[in-house]
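There are 2 protein chains.
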Amino acid sequence: MTAGFDPHDHAACRRAALAHAETVCREAGVRLTDTRRRVLEILLEDHRALGAYAILDRLRDEGLGAQPPVAYRALDFLVRHGLAHRIEHLNAFVACAHPGRGHAPIFLICRSCAAVAEAPAAPVMAALGSAAQDAGFAVDHAMVEADGLCPACQGAGQGA
Amino acid sequence: MTAGFDPHDHAACRRAALAHAETVCREAGVRLTDTRRRVLEILLEDHRALGAYAILDRLRDEGLGAQPPVAYRALDFLVRHGLAHRIEHLNAFVACAHPGRGHAPIFLICRSCAAVAEAPAAPVMAALGSAAQDAGFAVDHAMVEADGLCPACQGAGQGA
DNA sequence: CAGCGCAATGTTATTCTATAACAGTTCCCG
DNA sequence: CGGGAACTGTTATAGAATAACATTGCGCTG
Ligand SMILES: [Zn+2]
Ligand SMILES: [Zn+2]
Ligand SMILES: [Zn+2]
Ligand SMILES: [Zn+2]
Numbered sequence: 026m027t028a029g030f031d032p033h034d035h036a037a038c039r040r041a042a043l044a045h046a047e048t049v050c051r052e053a054g055v056r057l058t059d060t061r062r063r064v065l066e067i068l069l070e071d072h073r074a075l076g077a078y079a080i081l082d083r084l085r086d087e088g089l090g091a092q093p094p095v096a097y098r099a100l101d102f103l104v105r106h107g108l109a110h111r112i113e114h115l116n117a118f119v120a121c122a123h124p125g126r127g128h129a130p131i132f133l134i135c136r137s138c139a140a141v142a143e144a145p146a147a148p149v150m151a152a153l154g155s156a157a158q159d160a161g162f163a164v165d166h167a168m169v170e171a172d173g174l175c176p177a178c179q180g181a182g183q184g185a
Numbered sequence: 026m027t028a029g030f031d032p033h034d035h036a037a038c039r040r041a042a043l044a045h046a047e048t049v050c051r052e053a054g055v056r057l058t059d060t061r062r063r064v065l066e067i068l069l070e071d072h073r074a075l076g077a078y079a080i081l082d083r084l085r086d087e088g089l090g091a092q093p094p095v096a097y098r099a100l101d102f103l104v105r106h107g108l109a110h111r112i113e114h115l116n117a118f119v120a121c122a123h124p125g126r127g128h129a130p131i132f133l134i135c136r137s138c139a140a141v142a143e144a145p146a147a148p149v150m151a152a153l154g155s156a157a158q159d160a161g162f163a164v165d166h167a168m169v170e171a172d173g174l175c176p177a178c179q180g181a182g183q184g185a
């Protein structure tokens, strides 16, 4: 169920994510405007995190807006609707790789090739919930991000 | 074993952390200089995360340095030696609340009063390791941060 | 259709966070 | 007393994010 590292039909992956985004927006009664859609498409180009300014550069090249708020507003929208996630450790954003399921994902981030995978969160969240309960803490949103090496980069013997 | 939310003798807590810092530095053959020590003391004032610039303001008031690198270098040092931790979600730093034990802690962050607790990491890390293994991913360093409400702020019925 | 209200956009400016680069100083050890 | 490494001071700049406000587009209701 981990999505991201394994080879797959990424064109289908993208199409599904985009179709899902349409559905989500229709059902929520919000608009998937040109800029929002384009930002999602850019993020969907591969399973990699992009900084807001990298996205902004792309938008600028395409004449869709040149100022930071343009990118940040679209990203906020996508994150708010579960279509993208923010990677705290990188100050960057990644398209959601699990169209459909409501989730608080955990991220595996390759420090060599920068690929980002979403892994099944349930066991980790259960352990976290238990630790939080012991402390009397009410978890609102959990962020779990692991730095390391993806299968491909381990094979290549990368050290950094 | 969660350290941070429960009422405790914080003066002793601080003293122990400082003493531990001395030991760690002596054993590692590195120097706990004035600035480094002072930054640690500031972080130890309570179990709360402080931004690098908030710390820098304090240092400036005390004549210990006025430029960002002063604060960042001290913080890097403390983090490198396990005496403080960086909270990615807040772009801020907190003193380590577990003097002595080698750990990759998990953090519980109150979004109302900004208190930060360190909870036992083992079960969460085990679950994370298992998920990573399923994906063939080699975890190097894991970041686990939970946003929510601490016991005190839940009682007060805080919503934000 | 006219006009209202809200959502979304465009733009300027600013704040906050973090690091690069280099010159000078202090400390430890031989 | 050197010599080298660690540490400090300072300038400048890069990078990430938001505040604030004017404007435009869109959907609804009268
Ligand atoms: Zn894909
Ligand atoms: Zn990789
Ligand atoms: Zn304490
Ligand atoms: Zn609280």
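Heads up: the sequence lines are chains G and D, in that order. All letters in the first sequence, in the order written, are residues 26 to 185 by our numbering. All letters in the second sequence, in the order written, are residues 26 to 185 by our numbering. Backbone N, C-alpha and C fix where the C-beta goes; we use that ideal spot for every residue, glycine too.
At what residues does the beta strand (DSSP E) containing residue i begin and finish?
i, result
"C135/G", "I131 to C135"
Evaluate residue i with the Cβ neighbour count: other Cβ atoms within 10 Å of its Cβ, from every protein chain shown; 16 or more gives buried, anything less gives exposed.
i, result
"R40/G", "exposed"
"H35/G", "exposed"
"P145/D", "buried"
"E143/G", "buried"
"A147/G", "exposed"
"P94/D", "exposed"
"P21/D", "Past the edges of chain D, shown from 26 to 185, lies residue 21/D, and the structure says nothing about it."
"R61/G", "buried"
"L96/G", "A quick correction: the sequence has Ala, not Leu, at residue 96/G. Counting Cβ neighbours within 10 Å, A96/G comes out buried, since at least 16 surround it."
"R111/D", "buried"
"A99/D", "buried"
"A46/G", "buried"
"A79/G", "exposed"
"E70/G", "exposed"
"A37/D", "exposed"
"A42/G", "buried"
"A122/D", "buried"
Which of the three DSSP states, helix, strand or coil, is assigned to residue i?
i, result
"L108/D", "coil"
"E47/D", "helix"
"A139/D", "coil"
"F102/G", "helix"
"L57/D", "coil"
"L75/G", "strand"
"A181/G", "coil"
"A144/D", "strand"
"T82/G", "According to the sequence as given, residue 82/G is Asp; it is not Thr. D82/G falls in the helix class under three-state DSSP."
"A41/D", "helix"
"Q158/D", "helix"
"E87/D", "coil"
"L68/D", "helix"
"A35/G", "First, the residue type needs correcting, since residue 35/G is His and not Ala in the sequence shown. Note: H35/G maps to helix in three-state DSSP."
"H128/D", "coil"
"H114/G", "helix"
Please look up how many angstroms separate the CB atoms of residue i and residue j, rounded, as I've assumed it's under 8 Å.
i, j, result
"L20/D", "V49/D", "Any question about residue 20/D goes unanswered here, given that chain D covers just 26 to 185."
"M150/G", "A171/G", "That pair is no contact at about 14 Å."
"G54/G", "A117/G", "G54/G to A117/G, Cβ: 29 Å. No contact."
"A160/D", "F30/G", "6 Å"
"R63/D", "A140/D", "Rounded, the Cβ-Cβ distance is 22 Å, inconsistent with contact."
"E113/G", "H128/D", "In fact, because the Cβ distance is near 20 Å, the residues do not count as touching under 8 Å."
"L68/D", "A152/D", "L68/D to A152/D, Cβ: 30 Å. No contact."
"G173/D", "D82/G", "The pair is not a contact, with the Cβ atoms about 35 Å apart (cut-off 8 Å)."
"F132/D", "P176/G", "The pair is not a contact, with the Cβ atoms about 29 Å apart (cut-off 8 Å)."
Over what stretch of residues does the alpha helix (DSSP H) that includes residue i continue unbroken?
i, result
"V164/D", "Run containing V164/D: none in the alpha helix (DSSP H); it sits in the beta strand (DSSP E), A163 to L174."
"A117/D", "Counting along the chain, A117/D falls outside any alpha helix (DSSP H), though it belongs to the beta strand (DSSP E) covering A117 to A120."
(request) Could you please go through the chain and list the residues whose beta-carbon is closer than 5 Å to any non-hydrogen atom of ligand 3? (result) H35/D and C38/D
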